[in-house]
Every structure is written in C-alpha cells, then in structure tokens.
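My numbering applies: residue 1415 is where the sequence shown begins, and numbers increase by one. All C-beta atoms, glycine included, are put in the ideal place defined by N, C-alpha and C. Report on the following structure.
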Amino acid sequence: MKANGIRALLTMACMGVALSSYAQSSDVTPGGEMSSGAATEKSPAQSDRALARAVRHALGRAQGFDVSGVFVRARGGAVTLSGTVRNSDQIAQAERVARAVQGVNSVSNKLTLFHGGNG
C-alpha cells in the first residue's frame, strides 16, 4: 500500500515538472539564439506609469508648488494634469514643469483653482 502511494506521488511530481517545463514560453529563434527585446522592454502601461511618476516627482520638487491636489495621467507621451491648485500661478507652473520632463510630448492642463471646503 505504501509503495503504491509513493509511486503515485512520484508520478504526479514528474508530470508536474514536465507540464511546467512545457508551459514555459521560449523566445528562441530557429538559429538557437534568444530573441532580444521582449523580456527587457517595458510594456506601454509600464512606460506610462513611469512617465506619470516622473512628472509628479518633478511637480513635487518645483519650488512653491503644492502637488497634493494634482493628478497626473500619461498615455504614450501625452500627459494630462487634472485636479486643483491653490493659486492661478501654479496652473501655468505645472504645465511648464510637466513639459520639461523627458518623454513628455504634449500636456493637457485641466487644473482648476481650489475654492475651499464644503461650501
């Protein structure tokens, strides 16, 4: 009885290894070389998130700029700024700072002035 249990466990382990190795995709070209690019390139979503983070970081480092109410979205180099700022000078400042970030192709500035709390 114990021998059958051990044999069954070994069979399942071997099948698991075989299936997992079969399921792994390989980027090998017919010449046997690994193709470059797919594993090292960022996806568009990752690039967009990285660009949005870079713009937000630059805004946070800008002198006198309060980034707490600002939302940054990036898609293919196009950056959209939305949310609120405390004074009108910061609206233009945000656009200037965003345009200066490497990788930004265009800026859509939808920032508005913050008018206070609940009423």
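How is V1518 classed by DSSP in three states: helix, strand or coil?
Taking the first residue of the sequence shown as position 1, residue 1518 is located at position 104. DSSP, read as helix, strand or coil, puts V1518 in coil.
Cβ atoms of L1465 and V1499: under 8 Å apart, would you say?
Here residue 1499 refers to the residue found at position 85 of the sequence shown. Here residue 1465 refers to the residue found at position 51 of the sequence shown. The Cβ atoms of V1499 and L1465 do not sit closer than 8 Å to each other.
Spatial distance of R1510 from G1530 (CA atoms):
Numbered from 1 along the sequence shown, position 96 holds the residue referred to as residue 1510. Numbered from 1 along the sequence shown, position 116 holds the residue referred to as residue 1530. A direct Cα-Cα distance of roughly 25 Å separates R1510 from G1530.
For V1486 and Q1504, I'd like the C-alpha separation in whole angstroms.
Against the sequence shown, residue 1486 aligns to sequence position 72. Against the sequence shown, residue 1504 aligns to sequence position 90. Spanning the alpha carbons of V1486 and Q1504 requires a straight line of approximately 15 Å.
Can you check the stretch 1450 to 1508 for any alpha helix (DSSP H) of at least 4 residues that lies completely inside it and give the ranges in chain order?
For the stretch 1450 to 1508, whole alpha helix (DSSP H) runs of length 4 or above, ordered along the chain, are 1458 to 1475.
Bridge partners - N1394, DSSP secondary structure assignment:
The requested residue 1394 does not occur in the structure, where the chain is confined to residues 1415 to 1533.
Measuring CA to CA, which of G1517, N1523, L1527 and N1501 is closest to R1467?
Indexing the sequence shown from 1 puts residue 1467 at position 53. Looking at the Cα atoms, G1517 is the closest of the given residues.
For E1455 and D1462, what's the separation of their Cα atoms in angstroms?
By 1-based counting over the sequence shown, the position of residue 1455 is 41. By 1-based counting over the sequence shown, the position of residue 1462 is 48. Using only the alpha carbons, I get a separation of about 13 Å.
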